[in-house]
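Below is one structure, written out as structure tokens; the observations come after it.
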Amino acid sequence: MTAFEPMYGKSVVNSRNCYSWKYSVDSKPDAQGRLGVYTLYVDVDTNEPVRFHYIGHNVMLGGSHMDEYILDYEYIRAGPVAPQIFSYRVASMNCTPLGPDVVNAPLRPTNDFHLRMPDGETQRADAFDAFMAAHEKAYVDDSERARRESIFHANVQYINAMNRQGNSYTLAVNHLADKTPDEMRRHFHAKARHAKDNGAQAVHALSSASLPEEFDWRNRGGVTPVKDQGHCGSCWTFGCDDGALEGQLFKAKNETIRLSQQNLIDCSWDEGNNACNGGLDYQAYRWIIKHGGLETEATYGSYKNQPGFCHFNASRAVAPIASFVNVSGVPALNDALVNVGPLSVSIDAALPSFYFYAGGYYNDIECKSGLDDLDHSVLAVGYTTYNGEKYTLVKNSWSTHWGEKGYIKIAQKNNICGVATIATYPVLQKTAA
1 MTAFEPMYGK
11 SVVNSRNCYS
21 WKYSVDSKPD
31 AQGRLGVYTL
41 YVDVDTNEPV
51 RFHYIGHNVM
61 LGGSHMDEYI
71 LDYEYIRAGP
81 VAPQIFSYRV
91 ASMNCTPLGP
101 DVVNAPLRPT
111 NDFHLRMPDG
121 ETQRADAFDA
131 FMAAHEKAYV
141 DDSERARRES
151 IFHANVQYIN
161 AMNRQGNSYT
171 LAVNHLADKT
181 PDEMRRHFHA
191 KARHAKDNGA
201 QAVHALSSAS
211 LPEEFDWRNR
221 GGVTPVKDQG
231 HCGSCWTFGC
241 DDGALEGQLF
251 KAKNETIRLS
261 QQNLIDCSWD
271 EGNNACNGGL
281 DYQAYRWIIK
291 HGGLETEATY
301 GSYKNQPGFC
311 HFNASRAVAP
321 IASFVNVSGV
331 PALNDALVNV
341 GPLSVSIDAA
351 LPSFYFYAGG
361 YYNDIECKSG
371 LDDLDHSVLA
381 VGYTTYNGEK
391 YTLVKNSWST
401 HWGEKGYIKI
411 AQKNNICGVA
421 TIATYPVLQK
431 TAA
């Protein structure tokens with residue numbers, strides 16, 4: 001705020017007495033009209049922000065054209081603040097100088113604010129150019145590029161703010177950083193609602209055997225590589241098909257067989273699935289049961305990121321299943337992971353902290369677990385332990401550029417994100433085993 005100068009006297013804004021600070025752009029306007037005055041009004045008694053005002057091309061707020069910008073703060077609250085932020089004990093820390101990889105980490109909020117100032121324009125443009133090059137981005141025109149750059153910098157500011165909180169997980173810019181939350185929800189999530197009764201004929205029963213401290217099907221060769229669903233809401237095919245069913249085939253035949261998501265996208269409309277507009281794992285199971293199995297990528301075709309004409313051939317089908325089983329609750333989840341195989345899991349994946357997850361142990365308390373909150377289908381492949389708490393190892397379908405090479409570790413405590421709300425696995429017909 002050093003660029004802002006205090007103004008003498010008081011102003012009345014929204015019936016509140018305010019002090020004001022102003023920053024004037026004193027140079028001549030450029031071709032985009034970057035000339036004007038930023039004004040911040042704060043309450044005289046509480047020091048709470050009341051209004052932020054600007055007329056012109058608003059670099060701070062990311063506008064792509066000249067306009068009048070008025071941000072009125074109607075409600076201010078602190079939090080929620082995660083308890084672990086205050087749990088660090090300095091006496092127990094082994095403090096050393098910052099290494100070269102973190103010495104330039106964005107730990108100062110003023111760094112983000114500086115980028116929004118006019119003299120940060122070159123740095124802003126360079127950062128966005130680097131993002132475009134890294135992820136091979138291209139836009140239809142300059143207007144769209146300006147809009148995407150504005151979204152990108154808003155997301156970067158959020159990522160930096162979250163990383164300053166000292167969470168057990170970190171966020172980073174990825175290929176989604178030029179998208180709005182609404183766009184990500186529209187493109188990536190299943191839009192179908194889960195039924196309270198999904199038609200499963202059984203519920204997983206706990207075994208009497210003790211479970212290992214950690215377990216991971218990747219170490220046993222039972223998980224195929226991470227895929228990218230692209231801009232298609234087909235996540236429902238990746239949990240039940242690219243995982244749970246492939247896992248059962250691996251156990252039965254001791255080999256990894258890549259099944260075709262495209263088969264389900266093209267053909268399972270009659271069970272209520274809607275291709276790129278969402279679907280549900282149990283509706284996919286029902287289609288597979290009725291049609292005697294599913295084709296492989298080799299026979300049906302690879303993933304197309306869009307629906308096509310159904311050309312399923314029953315004579316080429318593999319993986320016939322007899323039924324599917326529900327798994328509910330954390331104890332049953334871990335038991336089924338160890339004793340059955342990878343599980344199709346539905347989760348709440350609508351938070352920005354999930355979109356930009358880069359690594360660590362995810363435990364965002366805002367991630368919901370109710371049946372109606374579950375909007376994304378993934379694959380649980382095991383669990384691990386960190387600081388005495390269990391975390392589910394989850395395979396996503398947003399490419400290896402997301403998370404830990406396509407994976408995330410989600411806290412099992414309090415059923416964060418609903419991993420243990422309604423997991424499922426298929427049961428192969430005896431002839432397939």
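Just so we're aligned, residue 1 is where the sequence shown starts under full-length UniProt numbering, counting upward by one.
Glycine included, C-beta positions come from ideal geometry on N, C-alpha and C.
Since we're looking at a predicted model, the values are computed, not measured.
Write down the C-beta distance between residue i and residue j rounded to the nearest angstrom, noting that I regard them as a contact closer than 8 Å.
i           : j           : result
residue 354 : residue 367 : 7 Å
residue 243 : residue 307 : 21 Å between Cβ atoms; not a contact.
residue 217 : residue 381 : 5 Å
residue 148 : residue 178 : 4 Å
residue 291 : residue 312 : 7 Å
residue 317 : residue 293 : 3 Å
residue 411 : residue 362 : 7 Å
residue 409 : residue 393 : 6 Å
residue 167 : residue 82  : 7 Å
On a CA-only basis, which of the options is nearest residue i? Give me that one, please.
i           : options               : result
residue 155 : 165, 128 and 228      : 128
residue 282 : 208, 237 and 12       : 237
residue 416 : 371, 404 and 401      : 371
residue 39  : 149, 24, 202 and 335  : 24
residue 219 : 383, 398, 396 and 421 : 383
residue 176 : 160, 165, 212 and 131 : 131
residue 268 : 8, 287 and 121        : 287
residue 224 : 249, 205 and 403      : 249
residue 419 : 373, 147 and 167      : 373
residue 215 : 390, 139 and 140      : 390
residue 386 : 285, 45, 201 and 169  : 169
residue 254 : 274, 278 and 246      : 246
residue 378 : 228, 43, 305 and 206  : 228
residue 199 : 141, 284 and 340      : 284
residue 45  : 69, 427, 12 and 295   : 12
residue 142 : 315, 158, 125 and 165 : 125
residue 369 : 51, 303 and 421       : 421
residue 261 : 233, 172 and 164      : 233
residue 399 : 205, 426 and 358      : 358
residue 258 : 276, 202, 226 and 270 : 226
residue 277 : 271, 332 and 265      : 265
residue 211 : 333, 352, 47 and 50   : 333
residue 194 : 144, 303, 280 and 295 : 280
Quick one: is residue i buried, meaning 16 or more other Cβ sit within 10 Å of its Cβ, or exposed?
i           : result
residue 15  : exposed
residue 6   : exposed
residue 77  : exposed
residue 17  : exposed
residue 413 : exposed
residue 375 : buried
residue 309 : exposed
residue 10  : exposed
residue 159 : buried
residue 8   : exposed
residue 20  : buried
residue 54  : buried
residue 335 : buried
residue 150 : buried
residue 431 : exposed
residue 403 : buried
residue 426 : buried
residue 327 : buried
residue 428 : buried
residue 27  : Because the pLDDT of residue 27 is 49, which lies under 50, any placement of that residue in the model is unreliable, and the number read from its coordinates should be weighed accordingly. So residue 27 ends up on the exposed side.
residue 122 : exposed
residue 37  : exposed
Would you give the residue range spanned by the alpha helix (DSSP H) that residue i belongs to?
i           : result
residue 247 : 246–253
residue 291 : 281–291
residue 300 : 297–300
residue 236 : 235–239
residue 314 : Per DSSP, residue 314 belongs to no alpha helix (DSSP H) and is neither H nor E.
residue 122 : 121–134
residue 330 : 330–339
residue 40  : Here residue 40 belongs to no alpha helix (DSSP H); instead the beta strand (DSSP E) covers 37–43.
residue 416 : Segment: none, residue 416 is in no alpha helix (DSSP H) and carries neither H nor E.
residue 265 : 261–267
List the endpoints of the continuous beta strand (DSSP E) containing residue i.
i           : result
residue 355 : Not the beta strand (DSSP E): residue 355 falls in the alpha helix (DSSP H), residues 352–355.
residue 380 : 376–386
residue 389 : 389–395
residue 17  : 16–24
residue 428 : 423–428
residue 408 : 407–411
residue 343 : 343–347
residue 321 : 321–327
residue 13  : 11–13
Compare the C-beta of residue i with all C-beta atoms of chain C and state if any pair is closer than 8 Å.
i           : result
residue 198 : The structure shown contains no chain C, having only a single protein chain.
**OP:** Let me know the beta strand (DSSP E) ranges lying completely inside the region 146–189, each 3 residues or longer, listed in chain order.
**Re:** If we require 3 residues or more, the beta strand (DSSP E) runs fully inside the region 146–189 come out as 169–171.
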